[in-house]
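These protein sequence lines are chains A and B, in that order. For reference, each letter of the first sequence is one residue, going 1 to 336 in my numbering. For reference, each letter of the second sequence is one residue, going 1 to 336 in my numbering. This report refers to the structure that appears directly beneath it.
2 protein chains.
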Amino acid sequence: MECKPTIEDVAKLASVSIATVSRVINNQGGVRKVTEERIVNAISELGYIRSALARSMKRKETNTIGIIVPDITNPFFPHVVAGIEQKAREKGYYTILSSTNESTIIEEEIVRIFIERGVDGVIITTANETGDHIKLLQDQGIPIVAVDRTIKNFEVDTVLVDNVNGAYQAVRQLILQGHERIAIICGPQNTTPGRERYLGYKKALEEYNIPLDSSLVIQGDFMENSGYKGALRLFYSNNRPTAIFSSNNQMTIGCVKALTELDWKLGEEVSFIGFDDVEIATFIKPRLSVVSRPMTTIGEIAFQLLYERIHFKGNLPKREFLLTPELKIRESCHKI
Amino acid sequence: MECKPTIEDVAKLASVSIATVSRVINNQGGVRKVTEERIVNAISELGYIRSALARSMKRKETNTIGIIVPDITNPFFPHVVAGIEQKAREKGYYTILSSTNESTIIEEEIVRIFIERGVDGVIITTANETGDHIKLLQDQGIPIVAVDRTIKNFEVDTVLVDNVNGAYQAVRQLILQGHERIAIICGPQNTTPGRERYLGYKKALEEYNIPLDSSLVIQGDFMENSGYKGALRLFYSNNRPTAIFSSNNQMTIGCVKALTELDWKLGEEVSFIGFDDVEIATFIKPRLSVVSRPMTTIGEIAFQLLYERIHFKGNLPKREFLLTPELKIRESCHKI
DNA sequence: TCGGAAAATCTAAACGTTTACATTTTAGAA
DNA sequence: TTCTAAAATGTAAACGTTTAGATTTTCCGA
């Protein structure tokens, strides 16, 4: 492994200066054919691979963007990441992905590491919407794009899904089918998605003059278990709903588990719509209606925004993308 | 954003030389308390963050490991990655994750980028077991650990699950319940998991003197659709099996979809065991029996091996870890 | 007060690139 | 041929660290 060959070794072997080699490596032209050939040969003979480290240091850019997600094992994020990666690769960017486990502390640590490594930009779904702990990025002038969750205390480009509208559509659908006792399993109210989906629920009820019944509003935490418990509670309440709207995928799964156990007949005794598609949706019986988000597209847009921000050093205004989710009606809703 | 402060700015502000600052940054000791304090103050006053680029360049190590997976949206991998990340963070290592979409070409490209960036090691589930396209890593003396899929043409540390045994256990279970017409949906026979799981199936049959019936061996490709089609074919064959063993999670999902549509009663008319746990397993009815793998542990071990390899520059022998999967019997198997 | 070892600090040379600028070569016109 | 502009190539200075080895300072015992 006698030390990796450097540009100098190549230059020596091809009997040219390192500047010329550099020109060839970077396709800058202005090198004679024969010389270029000699250099190319030298490169392949030595198996030379240029050091991105040295290059980035000089260039002051790494062509790397950092991605921070709260939970890599939640299927939503890998799909978003796939979208980002795809577009990034096209533009010659590479990605560093880190997961915070919803920990603000880890997030801060990761931010620091990203800065040390000189990422050109960051796409983040933050564990803490205040955004105080990622201020550091802002200070360094590193472009940021927020995905799925907003950042409160300063301005960044944002890609969101219209949660209010998505929830609204779902609940309206239930109302139009004749339901009046419609329950919601909420997400945490201190997160954008949790809060907004609840707003959409309220909006639909209001619009159709159905009074909000607080016994039908269940607080969940976006985790499977809270969906499970919520469904149980609704089943045993003395005001059993005829329809349930669940605020995210994991809680949907919890709900369905509970319904199955309770033998509370989906699509007959109780209608159901969940926010976010889940793998099981299309093949449990009856098939599940869901509000579906274009996950890959979200990633693609996020990268696009970041890319523009990186190359447009002027001051762009803050931009906010609001994607419209799609209501996929399947069999878990019934007329009443 | 007037250019980020460097170690030199810190040195100037604290009226010391850069060497002393460096010593403080790296906790090397040998600096007087008062001096250190002055430096620490200067650092925080300037908001100095050291450049990992320059550092890595000098140190010739990046404290970064690369992870290559074939499909980030397959839930198995995020769990493995979570295990790797966890252990890596503990040791002060950071990870670059890339997904190849099962493309050998992209994989080769990623390998190149990883080398350019000077990763200290790589953990990979390769898209192509020959490993020719990752030879480059080997040439550079970069430690490699293979996960889930072996690498043929040269020796690397490997973390596998005992596929033969897992499949064997599953099929034996079916046999012990009285089944004789047991079908298998295979994975690609040019991948370790595909091949070995088939071997386990054959082994169980042999051991209990059940002749191999090739009409019960369905070739799949680890994708959902092939599981779906496989189940269909089995249903309509004139030698309908009483039990099915599916070689991976995605195909399991395809199978279950088909069974549902065909109204082929799981756990009554046909028993079922799948390799790899799936989210739906525990709440479709009847609950699904599966061969389950310790995904996070796999990641943890992979990192451990890599870590040792990185720090043990002597020549360790090739090591191979074989984890035992666990058979989780639920309700999708019935006595006959 | 002094000498000298130990402790603290500094100097300067890497690390492997890119790039502005200087120099040499080329080739076509006179 | 000789001249000249253009093309090709070379020189050397960064980029921001780490780290030997040199130098200075400190501190203690005599």
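Heads up, the beta-carbon is just placed ideally off N, CA and C, and yes, glycines get one too.
Checklist entry - Ser-332 (chain B): buried (16+ other C-beta within 10 angstroms of its C-beta) or exposed? => result buried
Checklist entry - Rounded to a whole number of angstroms, what is the C-alpha to C-alpha distance between Val-164 (chain B) and Val-291 (chain B)? => result 11 Å
Checklist entry - In chain A, which residues lie with their C-beta within 7 Å of the C-beta of Val-81 (chain B)? => result Ile-72
Checklist entry - Between Gly-267 (chain A) and chain B, is there a C-beta pair that is closer than 9 Å? => result no
Checklist entry - Which term fits Ser-214 (chain B), buried or exposed, when burial requires 16 or more other beta carbons within 10 angstroms of its beta carbon? => result exposed
Item to check | Interface partners of Met-57 (chain B) on chain A, CB under 8 Å | outcome: Ser-51, Leu-53, Ala-54 and Met-57
Checklist entry - Can you name, in chain order, every residue of its own chain whose Cβ lies under 6 Å from the Cβ of Lys-87 (chain A), other than the five neighbours on each side? => result Glu-300 and Phe-303
Checklist entry - What is the rounded straight-line gap between the Cα of Val-161 (chain B) and the Cα of Val-171 (chain A)? => result 46 Å
Next on the checklist: I believe Thr-242 (chain A) touches Val-270 (chain A) by the beta-carbon criterion, under 8 Å. Please report the beta-carbon distance rounded to the nearest angstrom.
Outcome noted: 6 Å
Checklist entry - For chain A, is any of its Cβ atoms less than 9 Å away from the one on Thr-6 (chain B)? => result no
Next on the checklist: In the DSSP output, what is Leu-327 (chain A) paired with across the bridge?
Outcome noted: A:Val-291
Item to check | Whether Phe-275 (chain B) touches Ser-247 (chain B) by CB criterion (9 Å) | outcome: yes
Checklist entry - Got a sec? Which residues, its chain only, sit under 8 Å from Leu-305 (chain B) by beta carbon, not counting five neighbours each side? => result Val-145, Asp-157, Val-159, Arg-319 and Phe-321
Checklist entry - Roughly how many angstroms separate the alpha carbons of Thr-64 (chain A) and Thr-100 (chain A), rounded to a whole number? => result 19 Å
Item to check | Span separating the alpha-carbon of Arg-338 (chain B) from that of Ile-280 (chain B) | outcome: The question about residue 338 (chain B) has no answer, for chain B in this structure spans 1 to 336.
Item to check | Gly-194 (chain B) and Ile-124 (chain B) closer than 9 Å at C-beta | outcome: no
Next on the checklist: Does chain A have any CB closer than 9 Å to the CB of Tyr-307 (chain B)?
Outcome noted: no
Item to check | Where Ser-99 (chain B) meets chain A, residues with beta-carbon distance less than 9 Å | outcome: Pro-78, Val-81, Ala-82 and Glu-85
Checklist entry - In this structure, does DSSP put Met-1 (chain A) in helix, strand or coil? => result Here Met-1 (chain A) scores only 43 on pLDDT, less than 50, and its place in the model should not be relied on; the value that follows carries that caveat. It is coil, neither helix nor strand.
Next on the checklist: Any beta carbon from chain B within less than 9 Å of Lys-257 (chain A)'s own beta carbon?
Outcome noted: yes
Item to check | CB contact check: Lys-285 (chain A) to chain B, cutoff 9 Å | outcome: yes
Item to check | Proximal residues of chain B, C-beta to C-beta of Thr-260 (chain A) below 9 Å | outcome: Phe-283, Ile-284 and Lys-285
Checklist entry - Is the Cβ-Cβ distance between Thr-296 (chain B) and Ala-82 (chain B) less than 9 Å? => result yes
Item to check | Lys-257 (chain A) burial status per 10 Å Cβ neighbour count (16 or more: buried) | outcome: buried
Next on the checklist: Here's the rule I'm using: 16 or more other beta-carbon atoms within 10 Å means buried, otherwise exposed. How should Arg-59 (chain B) be labelled?
Outcome noted: exposed
Item to check | Euclidean distance between Cα positions of Glu-129 (chain A) and Gly-230 (chain A) | outcome: 26 Å
Item to check | Spatial neighbours of Met-1 (chain A) in its chain, beta-carbon cut-off 6 Å, leaving aside the 5 residues before and after | outcome: Low confidence applies here, because Met-1 (chain A) scores a pLDDT of 43, under 50, leaving its location unreliable and the question unanswered by this model.
Item to check | Every unbroken alpha helix (DSSP H) within the region 77-129 of chain B, with a cutoff of 4 residues, ordered by chain | outcome: 104-116
Checklist entry - Are there three or more Cβ pairs, one per stretch, closer than 8 Å when the region 23-41 of chain B is compared with the region 69-84 of chain A? => result no
Checklist entry - Hey, would you say Gly-200 (chain B) sits closer than 9 Å to Gly-166 (chain B), going by beta carbons? => result yes
Next on the checklist: Considering Cα atoms alone, identify which of A:Asn-209, A:Arg-149, A:His-334 and A:Arg-293 is closest to Pro-188 (chain A).
Outcome noted: A:Arg-149
Checklist entry - Going along chain A in order, which residues have a C-beta closer than 8 Å to the C-beta of Ile-96 (chain B)? => result Tyr-94, Thr-95, Ile-96 and Leu-97
Next on the checklist: When you compare the CB of Ile-280 (chain B) with every CB in chain A, is at least one pair closer than 9 Å?
Outcome noted: yes
Checklist entry - Gln-28 (chain B): buried (16+ other C-beta within 10 angstroms of its C-beta) or exposed? => result exposed
Checklist entry - Start and end of the beta strand (DSSP E) containing Ile-284 (chain A)? => result First-last for Ile-284 (chain A): undefined, no H or E at that position.
Next on the checklist: For a quick check, are the C-beta atoms of Arg-50 (chain A) and Glu-61 (chain B) less than 9 Å apart?
Outcome noted: no
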